[in-house]
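Here's the structure we're looking at; comments come further down.
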Amino acid sequence: MGMYSDKVVEHFTNPKNVGEIKNPSGLGKMGNPVCGDLMWIYIKVDNDILTDIKFKTFGCAAAIATSSMVTELATGKSIYEAYKITRGDVATNLDGLPPVKMHCSNLAADALQRAIENFIKKEGRSMDELI
Amino acid sequence: MKVFLDSNSGTKVEEQVINSIKECQETIYGAPGSDYGHSFGVEAFQAIEESREIIAKKIKATPSEIVFSSGNTETNNHVIKGIAFKNWNSNKKLIVASSVSHSSILESLKFLEKFGFTTKLIEVDSEGYVKRDHLENLLAENPILVSIPHGNIEIGTIENINSLSKLCHDYNVPIHIDASSSFCKIPIDVKMDNIDLLTLSAHLIHGPKGIGALYIKKGVKLEKLLHGGLQEKNRRSGIENVAGIVGFGKAVTLFTEEVINYNTKLQELLLKKISEKLTDFSITGPKEISKRIPGHLSIVINYVEGESILLHLDMAGFMIATGSACSSKKLQPSHVLTAIGLPTEISHGSIRIGLSKYNTKEEILQFVDNIAEISQKLRDISPVDKEFMREWQEMKAKGLIEEDHDHHHDEIDVDEV
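So the protein lines, in turn, are chains A and B.
When the letters of the first sequence are read in order and numbered with our numbering, they come out as residues 1 to 131.
When the letters of the second sequence are read in order and numbered with our numbering, they come out as residues 1 to 417.
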């Protein structure tokens with residue numbers, strides 16, 4: 001598919017974990033309609049483990065693929081491990097992204113972090129825990 | 001199965017055109033020379049002149065007013081830089097162009113600004129037509145040239161070049177018309193319309209890529225773009241692409257009234273079916289089919305993004321184009337969509353379809369089913385819907401939107417792209 005790896009194409013055509021969670025433990029939103037990338041990541045946390053994770057994304061193939069990948073990487077992890085998932089992790093697990101599309105992996109990783117931060121905040125806990 | 005619906009970017013080359021090119025490459029391979037060379041040179045020269053006559057006749061020009069080139073980009077560069085350098089020593093340094101001109105016009109103008117020339121772009125309305133009162137204001141500033149596209153390849157708009165030409169000549173300003181998207185599809189009469197310069201191309205009429213032509217009215221003067229030999233009556237140096245030129249002429253003879261009618265019929269069917277099956281979309285450019293380039297349809301589909309649509313369609317076997325920022329090298333939306341006032345957040349869902357005589361009714365019907373299905377699939381994944389956009393617009397109007405860090409240009413150097 002031209003510039004995209006097979007893994008990206010797979011995650012784009014059959015994205016994992018699409019959907020919403022009603023009353024999520026945390027919700028992370030990144031992007032806006034003007035920039036053309038919008039990612040919302042919903043998480044369900046039990047005993048600090050991500051037991052469920054869903055996403056909704058508006059954007060190009062890379063945006064959808066990176067959202068799907070980040071949710072796959074985060075499922076079942078503790079909030080501390082999930083928080084450490086980097087932009088590089090997302091891109092590497094997708095067998096790489098074209099340079100102009102790397103910003104999509106940034107968005108995906110950041111959206112997950114925001115979701116976790118949102119959870120911590122709602123619980124009244126300190127952000128220092130995540131560092 | 002592969003269905004090509006992107007005939008606004010390039011077209012399938014006609015079989016007869018290919019044969020004429022092949023035959024030319026095999027049998028007419030001397031460098032073209034006119035009366036004073038050997039017979040192979042004369043033959044090549046004559047082959048070019050035959051095409052020249054065909055193209056001249058098509059636009060009601062005389063053959064000596066046609067200069068062959070490598071395509072519309074080269075010819076547009078030639079026009080803009082040629083007229084500028086002709087005015088190098090004068091105190092007139094303003095050039096005016098439509099804000100929806102092709103990038104080969106706009107980038108040439110930008111380049112000339114380094115050398116003391118000024119560019120002013122004519123504003124366009126929401127359908128892509130130049131605003132006449134703005135054009136008049138600019139004409140009063142005494143530009144050396146006005147350049148306007150005849151047909152807009154992004155959004156299908158067809159300008160009334162006869163009336164625009166009259167207006168420019170009322171102010172004694174020469175007019176250049178970029179007809180690369182309209183040639184053969186919309187009748188052009190350079191004498192009746194009093195056109196000074198016209199750009200033509202072969203690539204959108206089932207001719208080869210890499211061939212175009214300039215019409216330059218007798219008496220109009222341009223500096224050369226390419227220097228070297230005396231080819232094309234010393235107006236464009238370089239060994240002529242004989243086979244390409246022969247193919248160009250052939251393509252012109254085959255793009256008949258019937259082809260136009262067929263393309264228009266398919267275009268009407270496409271719009272009809274899309275209107276039946278697709279929700280939440282709008283047409284960009286003129287809403288009436290009769291005002292659009294035959295075979296051309298461009299729309300924005302709400303709540304989904306163009307590159308995603310394009311890739312899904314490609315996997316389903318249908319090839320189209322998009323004007324979304326994500327699909328461009330510089331991550332900018334199409335300058336045409338921006339110029340007609342389409343908000344960036346809407347332009348992401350832009351797609352463009354180009355039909356040709358090789359497309360069939362069945363393909364259109366299947367395509368529409370696919371695009372409706374794909375749009376729905378992407379909407380199911382998207383958090384953006386009518387409600388979201390309404391709320392977002394309200395917040396934007398109140399200045400409540402927090403400016404996110406521009407993540408697009410984090411790690412790439414756009415100039416290296």
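Backbone N, C-alpha and C define an ideal beta-carbon position, used for all residues, glycine too.
Three or more beta-carbon pairs drawn from the segment 291-303 of chain B and the segment 262-279 of chain B are found closer than 8 Å, and the two stretches are therefore classed as touching. In the DSSP assignment, D380 (chain B) falls within the alpha helix (DSSP H) that extends over K361 to I381.
Assignment of N302 (chain B) by DSSP, reduced to helix, strand and coil, places it in the coil class.
Taking a contact as a CB-CB distance under 8 Å, the pair N241 (chain B) and G212 (chain B) does not count as one, their CB atoms being some 10 Å apart. Residue nearest to Q376 (chain B) within the set B:K277, B:L222 and B:Q267 is B:K277 (criterion: CA-CA distance).
Nearest CB-CB separation between T66 (chain A) and chain B: not below the 8 Å threshold. Taking a Cβ-Cβ threshold of 9 Å, the residues of chain B close to F12 (chain A) are S308, L311 and H312, in chain order. The CB of V90 (chain A) never comes closer than 7 Å to any CB in chain B; the least such distance is about 13 Å. Taking CB atoms only, N17 (chain A) has no neighbour in chain B less than 8 Å away.
Using a CB distance cut-off of 8 Å, P63 (chain B) does not count as an interface residue toward chain A. Non-local C-beta neighbours of T118 (chain B) in its own chain, meaning closer than 6 Å and more than five positions away in sequence, comprise K93 and L94, ordered along the chain. DSSP, reduced to helix, strand and coil, places D280 (chain B) outside both helices and strands of the structure shown, so it counts as coil.
Excluding its 5 nearest sequence neighbours in each direction, S67 (chain A) has C-beta neighbours in its own chain below 6 Å: M39, F55, T57 and A108, listed in chain order.
Put simply, the CB of K56 (chain A) is near chain B, with a gap under 8 Å to one of its CB atoms.
Spanning the alpha carbons of G36 (chain A) and V8 (chain A) requires a straight line of approximately 19 Å.
Scanning its chain for C-beta atoms nearer than 8 Å, with the 5 sequence neighbours on each side dropped, one finds around D369 (chain B) the residues K277, in chain order.
Per DSSP, reduced to three states, the secondary structure at S9 (chain B) is coil, with no helix or strand assignment. Going by DSSP, S67 (chain A) is part of the alpha helix (DSSP H) stretching over A61 to A74. Flagged as an interface residue toward chain B: A61 (chain A), by a C-beta distance shorter than 8 Å. Burial of K101 (chain A) is indicated by the presence of at least 16 other C-beta atoms within 10 angstroms of its C-beta.
Residues L50 and I53 of the same chain have their beta carbon placed closer than 7 Å to that of T75 (chain A), with the five preceding and five following residues left out of the count.
The straight-line gap separating the alpha-carbon atoms of K357 (chain B) and N93 (chain A) is approximately 44 Å. In the structure shown, the three-state DSSP call for F55 (chain A) is strand.
Taking CB atoms only, V45 (chain A) has no neighbour in chain B less than 8 Å away. Between A339 (chain B) and V100 (chain B), the gap from beta carbon to beta carbon is short of 8 Å.
Beta-bridge partners of A97 (chain B) (DSSP): B:L121 and B:S147. In this structure, S182 (chain B) sits near I158 (chain B), with a CB-CB distance shorter than 8 Å.
Taken through DSSP and simplified to helix, strand or coil, D128 (chain A) comes out as helix. Rounded to whole angstroms, the Cβ separation of I371 (chain B) and V300 (chain B) is 13 Å, and the two are not in contact under 8 Å. Proximity of chain B to L38 (chain A) at the Cβ level (cut-off 8 Å) is accounted for by S382, P383 and V384, in chain order. P24 (chain A) has a beta carbon lying at 8 Å or more from every beta carbon in chain B.
E26 (chain B) counts as exposed, since fewer than 16 other beta carbons sit within 10 angstroms of its beta carbon.
Residue range S103 to L112 is occupied by the alpha helix (DSSP H) that includes S103 (chain B). Of the residues assessed, H348 (chain B) falls on the buried side of the cut-off, its CB having 16 or more other CB atoms within 10 angstroms. Under DSSP, the beta-bridge partners assigned to A321 (chain B) are B:R352. Between the segment 102-109 of chain B and the segment 243-251 of chain B there are fewer than three C-beta pairs closer than 8 Å, too few to call the two in contact.
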